[in-house]
Structure formats: structure tokens, C-alpha cells
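Below you'll find the structure, written out as C-alpha cells, and then a few comments.
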Amino acid sequence: MTQLISHPSGPLSGAVQVPGDKSISHRALMIAGVAVGESRIEGLLEAADVLATADAMRALGATVERDATVERGGVWRVQGRGVGGLVEPGAVLDMGNSGTAARLLMGLLAAHPFTSFLAGDASLSARPMERVMAPLERMGAGFVARSGGRLPITVVGAEAPVPISYEVPMASAQVKSAVLLAGLNAPGMTRVVEPRATRDHTESMLRHFGVEVAVESGAGGGRKITLTGEPEITGRDVDVPGDISSAAFPLVAALLVPGSRVTLRGVGVNPLRTGLLETLREMGADIALDNRRDAGGEPVADVTASASVLKGVDVPAERAPSMIDEYPVLAVAAALAAGTTRMRGIAELRVKESDRLSAVARGLRACGVDVEEGADSLSVYGRGEAPAGGAEVAVQLDHRIAMAFLVLGAAARQAVRVDDGAPIATSFPGFRDMMNGLGAGVEEAGA
Ligand code: S3P
């Protein structure tokens, strides 16, 4: 384990490009892998989670290569196998730390007539997979899982996949996407009804590849998504925007460290992902979006954050899907705000890479912040000043816990340590260099 320490920082400044969107990168590789012909993906996130998907698609018969003719990273070429054309892998598919890779891939595998084996690290092997197995069983697949529906899992793909109409019980883009990806190889209409709109990158990426996807707004902010299976899809060029879930860390650091001003270029600002920006603005954050444009069906902007005096707010449960991965760093912002920030309807945080509700509560307490952890809520009692810091936080194989507390270290009175910086590589390998380039002091502990 590599301990990292983040020292109280002077003003942060500069303009940087955050790495490619993780959700979109997984989808680009998987959908390109079942298209006919070549796709060229630009801006792909080259981090462990996405590389696990790249390896899996290769094992399933697609050609997936980094384009060596381009100097800067992130340009990849995929030769797909066509819908239904994946082949039985010769070895266990190791999905590492990535829930998105595992769950979306289970959708593809469920609709191919062969058996495959999925494994992951200790964090992923503790996460619930029943939520994707249940609909995929209805589509004809079989599963053998460890107790509690956990990885390692054997997937027995359907000989003749059956299209279904499925109401997803929780707001989960991963479950929605798994069913839609399985539906690609099922004859007829596959329909997913979600209780609340979640990130729609699968729908947008499928459309980008020429699949007809119908979306209707449902009751209470939900959506009904329908596609007709067995389409012919052909390779496309894909432009992956910067990941707002990664941008969130330097952005919040800039808001919290007095005198800072940081621009994050080319960040994806899909409205189903921007709940953090909305919440921070309600708290009084100075955040500007400029140079709005479109990148292959996804809205993109340059985001500038300037140091701001924040106040506590109530974050409604309805907003959770649009900022689900941003609660750890929001809680850090709330620790410096004046007054209480109440986050509700966030039980799903308990089944992320770690139990984020308890990891955040424990870490903040250790740093001298008053918090109250409920079954599906978190209240942070900010005092409108820098908290003490000076603690070591247990990361529990969770990249976002590590990055959130390193951001806190930059804004606290004393440095904050995290016990393991390695998980950051799952989503944001250049995090430390980027933060230090902006003026932060993040280094290996003891270095
Ligand atoms: C993701 C969906 C969300 C999110 C995860 C990425 C995706 O998970 O937390 O980091 O790419 O579809 P859930 O579907 O479990 O909410």
C-alpha cells in the first residue's frame, strides 16, 4: 500500500484537462466490440477500470488496440465482432475493481450462447450482482454466484435470448445498461423502466452507433427506454469527454482553498451527471461553464471554479442519481461550509467500491468534523472554517474516498493522509501530478 499525504495548500491555479469519462469509455469499448468494422475512440480513459474492459473485449474476440501512431494517449482502435458475434473467452475475465465493467459485461455475456467466468478484486467481490442477474435470468441466462450473489460468477449465456420489459427497482444506470446490452442480441423489443432518470450514456452511445433507442419520460422523473434487438451496427468514431466525476476533485479543491481559480477543460456536462454543480452553486460556489459544445452526442464545457464562501444546504434525494459518485467530495466541501448539509436518499452509497456513507463519516470525524450518519443519509455540520485535519483515513480500495480526503488535506489546518493511494489508478492515474501542478502538495507519506 502506498500511503499518500496531502498538505495544507496555497492557492491553486491553472487550466487542465481531466481524463476521459469512465462510464463513457466502458460503453465505447463494449459497443464498438459488438459493431461490425473499425471504431476509433479518442479520449478513452486509460485507467485500470477501463483497461479491464479492454482486456475482456479482447478475450471475447474483438481487436482492441491503442493507436501507436498518435503521440498523446487515449486514441484506441476497436475491430468489433458484430451483434451476437462475441466468442467464448479462454480464461477468467478479471474485472478488477470495476462494477460498471462487470455489470455491463454481464449484459453482453448473458446474450451469447457460451459460458464465461467473471472475477474481481476484494472490493468488487463484495458488491451485489443479484440486481443484474435477476433481469438477465429472465432473458434466458443462467448464473452461478458466490453466496449473496457476489463474484466470482459463472455466466451461462442464453442460447436464444428473450427480450423483456423490466422495471429496475433502484436508480441504477448499470442495471439499465446491462439489460439494454443483452437486449441488443435478443429478437424484438427490450424495454427498461427506471424509477428515476440515471446517466443515459448507454442510450446515447447506442444511438451514436446507429441503434434506434426510444426514450419516454415516465412518472416521478422516471424513464422508459426501448430498443429493438438484432440491429446491424457498424464501427464509428467516438469522442470521449472529460469525466465530471474526476473533475469534481480539483474543482472542489479550488472552491475550498482561498485565492484559488482553476479551469477544467472539456468536461462532460450531461445534465444527468451535473448534480454536484447544482448543489455547489446552491451552497454559494462560483462555478462558470464556458465554451459549451457537443462531443459525439454528449454536451461538453470548460468549467472554472474560484474559491468561494460556502453555506450548508439540503440535498434532495431526487438529485442522487445525477451526483451519485460525487457525495464523498461534496461531504468534504460541506465540512468547510457554514451550517449543516443534509444529504438524503443515498443508501446506494453503501454498495459502491466501499460503503461510502460510513467511510466518509468515519474519515470526516477523524479530521475533526461533526457528522451524523443515517441508514440512507448523511449530515455534515460545517463550521464555516477549515477543519483540523491531521488524521489518517482508511481508503478501503475506494479511489473516490482516497481523492476526496486528499482534497480535504489541501484545505484543512493540518495535512491529511490516506492509507492507500493505489486505488486512484482505477479512474484517475494522473491525479497526484495534476493536483500538484495546480499548486497542491500531495506526496508519498514519508517521502
Ligand atoms: C455507473 C453508474 C453508477 C455509478 C458508477 C458508474 C455507470 O452506478 O455509481 O460509478 O457507468 O453506469 P449504479 O448503476 O450502481 O448507480
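Residue numbers (the working numbering): 79 to 525.
All residues carry an ideal CB built from backbone N, CA and C; glycine is no exception.
What residue range is occupied by the uninterrupted beta strand (DSSP E) comprising Asp99?
First-last for Asp99: undefined, no H or E at that position.
Can you round the beta-carbon distance between Gly280 and Ala93 to whole angstroms, since I take them to be within the 8 Å contact cut?
This sequence places Thr at residue 280; Gly is not what is there. Contact annotation, Thr280 with Ala93: C-beta distance approximately 31 Å; criterion of less than 8 Å not satisfied.
Would you call the stretch 202-216 in contact with the stretch 165-184, where contact means no fewer than 3 C-beta pairs closer than 8 Å?
By the criterion of at least three beta-carbon pairs nearer than 8 Å, the stretch 202-216 is in contact with the stretch 165-184.
Keeping to the same chain, check which residues put their C-beta closer than 6 Å to that of Arg118; ignore five residues upstream and five downstream.
Close CB contacts of Arg118 within its chain, under the 6 Å cut and outside five residues either way in sequence, are with Arg155 and Asp315 (chain order).
Beta-carbon spacing of Ile109, Leu284 below 8 Å:
A contact, by the Cβ cut-off of 8 Å.
Alpha carbon to alpha carbon, how far is Ala411 from Leu442?
Their backbone Cα atoms lie some 11 Å apart in a straight line.
Cβ of Gly367 within 8 Å of Cβ of Val347?
It should be pointed out that residue 367 corresponds to Leu in this sequence rather than to Gly. Here Leu367 is near Val347, since their CB atoms are less than 8 Å apart.
Please tell me whether Val458 and Ala490 are closer than 8 Å, where the distance is taken between their beta carbons.
Not a contact, by the Cβ cut-off of 8 Å.
Could you tell me which residues DSSP puts in a beta bridge with Glu450?
Looking at the DSSP output, Glu450 shares a beta bridge with Ser457.
State the DSSP-derived secondary structure class of Glu245, mapped to helix, strand or coil.
Of the three classes helix, strand and coil, the one that applies to Glu245 here is strand, per DSSP.
Going by C-alpha distance, which of Asp403, Gly460 and Gly337 is nearest Phe327?
Closest by alpha carbon: Asp403.
Quickly, what does DSSP pair Arg85 with across the bridge? List them, please.
Before going on, a small fix: residue 85 reads as His here, not Arg. Secondary-structure assignment with DSSP links His85 through a beta bridge to Gly519.
Can you give the Cα-Cα distance for Met361 and Asp145, rounded to whole angstroms?
Each residue's Cα considered, the two are about 43 Å apart.
contact_flag[the stretch 514-524, the stretch 472-480] where n(CB pairs < 8 Å) is 3 or more:
No, because fewer than three Cβ pairs between the stretch 514-524 and the stretch 472-480 fall closer than 8 Å, the two stretches do not touch.
Best match in Ala453, Glu215, Arg434 and Val449 for proximity to Ala480 [C-alpha to C-alpha]:
The alpha carbon of Ala480 has as its nearest neighbour, out of Ala453, Glu215, Arg434 and Val449, the alpha carbon of Arg434.
Are the CB atoms of Val234 and Thr276 nearer to each other than 8 Å?
Contact annotation: Val234 and Thr276 have beta-carbon atoms that are not nearer than 8 Å.
Quick one: Cα of Ser324 to Cα of Gly111, how far?
Rounded to the nearest angstrom, the two C-alpha atoms are 25 Å apart.
Ala469 to Gly499 span [Cα, whole Å]:
In this structure, the CA atom of Ala469 is about 15 Å from the CA atom of Gly499.
Do Asp199 and Gly174 have their CB atoms nearer than 8 Å?
In this structure, Gly174 lies closer than 8 Å to Asp199 by Cβ.
In chain order, what residues of the same chain lie with their CB nearer than 8 Å to the CB of Gly320, ignoring the 5 residues before and after it?
Excluding residues within five positions, the ones whose Cβ falls inside 8 Å are Gln95, Val96, Pro97, Gly98, Asp99, Gly121, Leu342, Arg343, Gly344, Val345, Gly346 and Val378.
Limits of the unbroken beta strand (DSSP E) element including Phe221:
Here the beta strand (DSSP E) through Phe221 covers Gly220 to Arg224.
Taking 7 Å as the cut-off, is the CB of Ile492 close to at least one heavy atom of ligand 1?
Strictly speaking, residue 492 in this sequence is Gln, with Ile absent from that position. No, Cβ of Gln492 sits at least 7 Å from all heavy atoms of ligand 1.
Where Ser255 sits in the DSSP three-state scheme:
Looking at Ser255 - three-state DSSP - the assignment turns out to be helix.
Report whether the distance from the Cβ of Glu426 to the nearest heavy atom of ligand 1 is below 7 Å.
For Glu426, the CB falls within less than 7 Å of some heavy atom of ligand 1.
Nearest residue (CA-CA) to Ala503, options Asp127, Ala395, Thr178 and Pro336
Closest option to Ala503, judged by alpha-carbon separation, among Asp127, Ala395, Thr178 and Pro336: Asp127.
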